[in-house]
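**Q** Got a structure for you, questions after.
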Amino acid sequence: MKEPTNESKIQRQKWQPIEYVGLVLLIVILSCIFFFDKQFSGMFDAMFTRGYKMFEFYLFGASKLGAAIVVSVMTGRVLERLGLTDALMRLFLPIMKFIKINAAVVVGVIYNILGDVNAAGRIAGPVVMKAGCTRDEQKIAIATMCNAPCSFSIIVLGIIALSAADINPFPVMIVGIFLPIVLIPALLRLFWRDTKAADITDLPRFTPQTGPMDTLFGAAREGAQLVFLFILPAGCVVFALIGILEYFGIWPIITDALGGFFSMIGIEPMTGVDTIVTAGTLAMKNLGTYLTDGTILATTATAKKLIVGSFILANSAWPIQVPLGQIPAVWNGVVDLKTGEIMRAALIGCFIRLIYAAIIAQIFGLFF
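Per numbering that gives the first Met the number 0, the sequence shown starts with residue 0, numbered consecutively.
This is the structure:
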């Protein structure tokens, strides 16, 4: 071991700014334990309780989201092995060449529609790198992916809700789900300009040569790792922070304000809050229930407009823990971007979806 020099010893003896922060933090913690022990312990209990919600959602709850992600990854890898990724490249290459962007940016959003946002990231991340996407194109891929549903079940439950409201699901799905596949990359290219069209000869083949059993069991193992090593830790962090806000009575104020905001811009407020805070799956399930039990009466143009807006918002990468936690955890280390850049791209995609949902709701409202 190298002997420290006199200069390094002097530097080590000096207090660093972060050490003063730590000292103040220690005093605050000890003061809270002494003077506000019940409130202090209650805050941590609220964090644990909220954080455990992630385990309920993904492991123990009736929604079976954890199993759904494993199946989604497995399905995505099987489809990849059967040539779907290469077929998608062939189909979207002419369109992406026209707007001068690498066609690989749409792989994530397509897989997201077919399965799950986490599985899509697991599959699309290596694809965009293998295709030679620039850093700007990687951001476009992430933001575009955020404009598709986190789970295929959201589409199914949403179609049921739209039908219950006597709204034809077909035009809503075309405008709300499939049009953004092309529209969002074209829009984002105005801001992230380092893009280049790729010819088929510039792209490798994406179909792996693994055997059938290796594909199935390897993908199932990959899906389980995704749930336990990425999604649960990232989601617990965000949910624990929400638990603190709930404990101090701040979170209900935030959700009430969100409900009023959604109603104002043309999104059904109760299910809009469900989408932003919990999950789009829950939002669409609740929307169908509200329509069935008469909580929401889809008898006016305004009500139908709100329902369309809610459907389009739910088919996105919201809730908040996805862009803040899960997407950065899944994409980090796979692409060239830093964690902050991944998070910003995901948040930009989610907020574009919010604006898009409001605009489309207003347009559809003119025809009801």
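All residues carry an ideal CB built from backbone N, CA and C; glycine is no exception.
Skipping 5 residues on each side, what residues in its chain have a beta carbon closer than 8 Å to that of M172?
**A** Taking the sequence shown and counting its residues from 1, one reaches residue 172 at position 173. Within the same chain, M172 has close Cβ partners I154 and I158.
**Q** Quick one: using the 10 Å Cβ neighbour count with 16 as the cut-off for buried, is E55 buried or exposed?
**A** As a working note, residue 55 is residue 56 in the sequence shown. E55 comes out exposed.
**Q** Are V77 and L215 touching if we call contact CB-CB under 8 Å?
**A** For the purposes of this step, residue 77 is taken as residue 78 along the sequence shown, with counting starting at 1. For the purposes of this step, residue 215 is taken as residue 216 along the sequence shown, with counting starting at 1. In contact: V77 and L215 (Cβ atoms closer than 8 Å).
**Q** What span of residues does the alpha helix (DSSP H) with Y51 cover, start to end?
**A** As a working note, residue 51 is residue 52 in the sequence shown. Note, Y51: alpha helix (DSSP H), D36 to F54.
**Q** Roughly how far, in whole angstroms, is the beta-carbon of A163 from the beta-carbon of G50, given that I think they are within contact range, below 8 Å?
**A** By 1-based counting over the sequence shown, the position of residue 163 is 164. By 1-based counting over the sequence shown, the position of residue 50 is 51. With 8 Å as the limit, A163 and G50 do not qualify as a contact, their Cβ atoms being about 35 Å apart.
**Q** Would you call the CB atoms of M42 and G234 closer than 8 Å?
**A** For the purposes of this step, residue 42 is identified with residue 43 of the sequence shown, where counting begins at 1. For the purposes of this step, residue 234 is identified with residue 235 of the sequence shown, where counting begins at 1. No; because the gap between Cβ atoms is not below 8 Å, this pair is not in contact.
**Q** Report the CB separation of P184 from V105 in whole angstroms; it is logged as a contact under 8 Å.
**A** Within the sequence shown, numbered from 1, the residue matching residue 184 stands at position 185. Within the sequence shown, numbered from 1, the residue matching residue 105 stands at position 106. Correct: roughly 7 Å between the Cβ atoms.
**Q** Quick check on the burial criterion: 16 or more other C-beta atoms within 10 angstroms. Buried or exposed for V27?
**A** Residue mapping note: residue 27 aligns to position 28 of the sequence shown, counting from 1. V27 comes out exposed.
**Q** So does the region 262–277 actually touch the region 303–311, counting three or more Cβ pairs closer than 8 Å?
**A** At 8 Å Cβ cutoff, the stretches touch.
**Q** Below 6 Å CB to CB, which residues in the same chain sit around M95 once its five sequence neighbours on both sides are set aside?
**A** Counting from 1 along the sequence shown, the entry for residue 95 is found at position 96. Only A102 meet the Cβ criterion.
**Q** E245 lies in the alpha helix (DSSP H); which residues open and close that run?
**A** Taking the first residue of the sequence shown as position 1, residue 245 is located at position 246. Note, E245: alpha helix (DSSP H), L231 to Y246.
**Q** Out of V127, L290 and A223, which has the shortest C-alpha to C-alpha gap to T194?
**A** Counting from 1 along the sequence shown, the entry for residue 194 is found at position 195. Nearest of V127, L290 and A223 to T194, Cα basis: V127.
**Q** Would you kindly work out how many angstroms separate the C-alpha atoms of R213 and A196, rounded to a whole number?
**A** Counting from one through the sequence shown, the residue named residue 213 turns up at place 214. Counting from one through the sequence shown, the residue named residue 196 turns up at place 197. A small correction: the amino acid at residue 213 is Asp; Arg does not occupy that position in the sequence shown. Each residue's Cα considered, the two are about 34 Å apart.
**Q** Which residue's Cα is closest to the Cα of L182: F205, A147 and I122?
**A** For the purposes of this step, residue 182 is taken as the residue at position 183 of the sequence shown. Nearest of F205, A147 and I122 to L182, Cα basis: A147.
**Q** Can you tell which of L25, C349 and G120 has its C-alpha closest to the C-alpha of V226?
**A** Within the sequence shown, the letter at position 227 stands for residue 226. The option with the nearest alpha carbon to V226 is G120.
**Q** Are the Cβ atoms of Q137 and V276 separated by less than 8 Å?
**A** As a first step, residue 137 is located in the sequence shown; it is residue number 138 there, counting from the start. As a first step, residue 276 is located in the sequence shown; it is residue number 277 there, counting from the start. Taking 8 Å as the Cβ cut-off, Q137 and V276 do not qualify as a contacting pair.
**Q** Quick check: the region 284–301 against the region 349–357, are there 3 or more CB pairs under 8 Å?
**A** Counting Cβ pairs under 8 Å, fewer than three are found: no touch.
**Q** Hey, F367 and K304 are a contact pair by Cβ (cut 8 Å); roughly how many whole angstroms apart?
**A** The residue labelled residue 367 in the question sits at position 368 within the sequence shown. The residue labelled residue 304 in the question sits at position 305 within the sequence shown. Yes, F367 and K304 are in contact; Cβ-Cβ is about 6 Å, under 8 Å.
**Q** Straight-line CA distance for P318 to Q38?
**A** By one-based count along the sequence shown, residue 318 stands at place 319. By one-based count along the sequence shown, residue 38 stands at place 39. The straight-line gap from Cα to Cα measures roughly 29 Å.
**Q** Quick one: is D135 buried, meaning 16 or more other Cβ sit within 10 Å of its Cβ, or exposed?
**A** For the purposes of this step, residue 135 is identified with residue 136 of the sequence shown, where counting begins at 1. Classification for D135: buried.
**Q** Does the region 292–302 come into contact with the region 240–255, if we say contact requires no fewer than three beta-carbon pairs (one atom in each stretch) closer than 8 Å?
**A** Contact fails: fewer than three Cβ-Cβ distances are below 8 Å.
**Q** Using a Cβ-Cβ cutoff of less than 8 Å, which residues in the same chain neighbour R204 once the five nearest sequence positions on both sides are dropped?
**A** As a first step, residue 204 is located in the sequence shown; it is residue number 205 there, counting from the start. For R204, where only same-chain residues beyond five positions count, the Cβ hits under 8 Å are D85.
**Q** Please report the Cβ distance between T274 and A313, rounded to the nearest whole angstrom; I am assuming they are in contact, meaning their Cβ atoms lie under 8 Å.
**A** The count along the sequence shown starts at 1 and reaches residue 274 at position 275. The count along the sequence shown starts at 1 and reaches residue 313 at position 314. Rounded, the Cβ-Cβ distance is 5 Å, consistent with contact.
**Q** DSSP three-state label for S150, please.
**A** Here residue 150 is taken as the residue at index 151 of the sequence shown, counted from 1. Looking at S150 - three-state DSSP - the assignment turns out to be strand.
**Q** On the CB-based measure, 16 or more other CB atoms within 10 Å of its CB, does A284 come out buried or exposed?
**A** On the sequence shown, position 285 is the one that residue 284 refers to. The question names Ala, yet the displayed sequence has Lys at residue 284. Per the 10 Å Cβ criterion, buried.
**Q** Please identify the residue among P207, P322, G364 and G82 whose C-alpha is closest to the C-alpha of A345.
**A** Counting from one through the sequence shown, the residue named residue 345 turns up at place 346. Ranking the options by Cα distance to A345, first place goes to P322.
**Q** Counting only runs that start and end within the region 150–183, where is the beta strand (DSSP E) found for 3 or more residues in a row?
**A** As far as the region 150–183 is concerned, it has no whole beta strand (DSSP E) run of at least 3 residues.
**Q** Over what stretch of residues does the alpha helix (DSSP H) that includes Y57 continue unbroken?
**A** Position 58 of the sequence shown, counting from 1, holds the residue named residue 57. Premise fails: Y57 is in no alpha helix (DSSP H) and is neither H nor E.
**Q** Does DSSP put G210 in a helix, a strand or coil?
**A** Along the sequence shown, one-based indexing puts residue 210 at 211. Coil, per DSSP.
**Q** Kindly provide the ranges of any alpha helix (DSSP H) runs that are 4 or more residues long and lie completely inside the region 90–139, ordered along the chain.
**A** The qualifying runs are 106–113 and 116–129.
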